[in-house]
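Student: When we follow my numbering, the leftmost residue of the sequence shown carries the number 4, and every step to the right adds one.
Input: one structure, supplied below.
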Amino acid sequence: MKIGFNMLLWTPFVTEEHYPTFERLKETGYDGVEIPLFNGAPSHYEKVGAVLKDCGLGCTAVTVIPDKAHNPISADEKDRAGALEYLGWAVDCCEALGADVLCGPWYQPLGVFSGQGPTEEERCLAAEVHRNVAERARRANVLLAIEPLNRFECYFLNTLRDAAAYAERVGHPNFKAMYDTFHGNIEEKDPVGCIGEYGAALGHFHVSASDRGTPGRDHVAWAETFRVLRASGYDGWLTIEAFGRAMPDLAATTCVWRDLSRSSEEVYEMGYELISRGWRGEGLDA
4 MKIGFNMLLW
14 TPFVTEEHYP
24 TFERLKETGY
34 DGVEIPLFNG
44 APSHYEKVGA
54 VLKDCGLGCT
64 AVTVIPDKAH
74 NPISADEKDR
84 AGALEYLGWA
94 VDCCEALGAD
104 VLCGPWYQPL
114 GVFSGQGPTE
124 EERCLAAEVH
134 RNVAERARRA
144 NVLLAIEPLN
154 RFECYFLNTL
164 RDAAAYAERV
174 GHPNFKAMYD
184 TFHGNIEEKD
194 PVGCIGEYGA
204 ALGHFHVSAS
214 DRGTPGRDHV
224 AWAETFRVLR
234 ASGYDGWLTI
244 EAFGRAMPDL
254 AATTCVWRDL
264 SRSSEEVYEM
274 GYELISRGWR
284 GEGLDA
């Protein structure tokens, strides 16, 4: 198991000004960071990856579908071609970074709804796109981990069962499901039990508080979650994803209208302690 931290708490685009944060996370005990991929060239991420390597940190990456012109579930062939191009760019950036996982809800633009659930046609169209991307990811030694989100953000995948079934449909060894405890807290009938049921399908895991603030200062059943996750045989990244108000544009995008934590230090210090103790099966006190 490796413990990571998503850089979206500070920025949607990592640059030199964020390199000192790498050092602080390393000193805390983290094994790596998760890099947002929303723009930029592979050459930029190659430099970021070199800094991470010098710090002794590994990394994963996260992206989303930016707009309709890059939509994998679109009936328009041009949109799906745009999706293939965009996700290929993301894989190239991962390879430049040295990232071993690309996660996220990269199956539809967020906040766009059809008025119904996903159709069989949408599943088939998206699976073809993602199968092609998975083969490209295999050549780059990158695992793809598709993320189900809550119903207020998307409609294509909402539960871990949805994501596991979709990964099986794609049917590629470099394509797996992921789980985020924030979304699971909203959508799952049993947020812990579903991990035991579909744990074999997991390729990535987001440790995220029920309010997107500090993990451990919320109502997620953390001790039970870690126990079931470990029993499932999962041994990949446990990456904290938390949001704040440090950057107004990012806060607006992530719908953060109030302070969710006392400080970023609280998030990564308490979060690291929560995961390391929880994985060892020690008692957890919020």
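Every residue, glycine too, gets a C-beta built ideally from N, C-alpha and C.
For PRO45, which of helix, strand or coil comes out of DSSP?
Tutor: Looking up residue 45 in the sequence shown gives position 42. In this structure, PRO45 counts as helix in the three-state DSSP scheme.
Student: Nearest by alpha-carbon distance to ALA148: which of VAL65, ILE198, GLN119, PHE116 is it?
Tutor: Counting from one through the sequence shown, the residue named residue 148 turns up at place 145. Of the candidates VAL65, ILE198, GLN119, PHE116, the one whose C-alpha sits nearest the C-alpha of ALA148 is VAL65.
Student: Applying the 10 Å Cβ sphere with the 16-neighbour rule, what's the burial state of GLU268?
Tutor: Position 265 of the sequence shown, counted from the first residue, corresponds to residue 268. Flag for GLU268 reads exposed.
Student: In three-state DSSP terms, what is PHE8?
Tutor: Within the sequence shown, residue 8 is the residue found at index 5, counting from 1. It is a strand residue.
Student: By DSSP, does PHE25 sit in helix, in strand, or in coil?
Tutor: Residue 25 sits at position 22 when you count from the first residue of the sequence shown. In the structure shown, PHE25 sits in a helix (DSSP, three-state: H, G or I).
Student: State the beta-bridge partners of TYR182 as determined by DSSP.
Tutor: Translated into positions along the sequence shown, residue 182 becomes position 179. Its beta-bridge partners are PHE208.
Student: Please classify LEU113: is it buried, with 16 or more other beta-carbons within 10 angstroms of its beta-carbon, or exposed?
Tutor: As a first step, residue 113 must be located in the sequence shown, where it is residue number 110. So LEU113 ends up on the exposed side.
Student: Relative to the C-alpha of ASN161, which residue among ASP183, LYS179, ALA140 is closest?
Tutor: Your numbering for residue 161 matches position 158 in the sequence shown. Nearest of ASP183, LYS179, ALA140 to ASN161, Cα basis: ASP183.
Student: Taking 8 Å as the threshold, find out whether the region 24-38 comes into contact with the region 76-93 through three or more Cβ pairs.
Tutor: No, because fewer than three Cβ pairs between the region 24-38 and the region 76-93 fall closer than 8 Å, the two stretches do not touch.
Student: DSSP puts GLU37 in a beta bridge; with which residues?
Tutor: Counting from one through the sequence shown, the residue named residue 37 turns up at place 34. Answer by DSSP bridge pairing, in chain order: ASN9, THR63.
Student: Please state whether DSSP places ALA224 in a helix, a strand or coil.
Tutor: Taking the sequence shown and counting its residues from 1, one reaches residue 224 at position 221. ALA224 falls in the coil class under three-state DSSP.
Student: From the DSSP output, in three-state form, read off CYS258 for me.
Tutor: Within the sequence shown, the letter at position 255 stands for residue 258. Three-state result, CYS258: coil.
Student: Going by C-alpha to C-alpha distance, which of PRO23, VAL223, GLY219 sits closest to ILE189?
Tutor: The residue given as residue 189 occupies position 186 in the sequence shown. It is VAL223 whose Cα lies nearest to the Cα of ILE189.
Student: Is the distance from the Cβ of ALA204 to the Cβ of GLY236 below 8 Å?
Tutor: The residue given as residue 204 occupies position 201 in the sequence shown. The residue given as residue 236 occupies position 233 in the sequence shown. For ALA204 and GLY236, no; Cβs fall outside 8 Å.
Student: Three-state secondary structure (DSSP) at THR31?
Tutor: Your numbering for residue 31 matches position 28 in the sequence shown. Helix, per DSSP.
Student: How long is the line joining the alpha carbons of ALA143 and ILE278, rounded to whole angstroms?
Tutor: As a first step, residue 143 must be located in the sequence shown, where it is residue number 140. As a first step, residue 278 must be located in the sequence shown, where it is residue number 275. Between ALA143 and ILE278, the C-alpha separation is close to 29 Å.
Student: Using 8 Å as the threshold, is the C-beta distance between HIS207 and VAL94 below it?
Tutor: As a working mapping, residue 207 is identified with position 204 in the sequence shown. As a working mapping, residue 94 is identified with position 91 in the sequence shown. No, the Cβ-Cβ distance between HIS207 and VAL94 is not below 8 Å.
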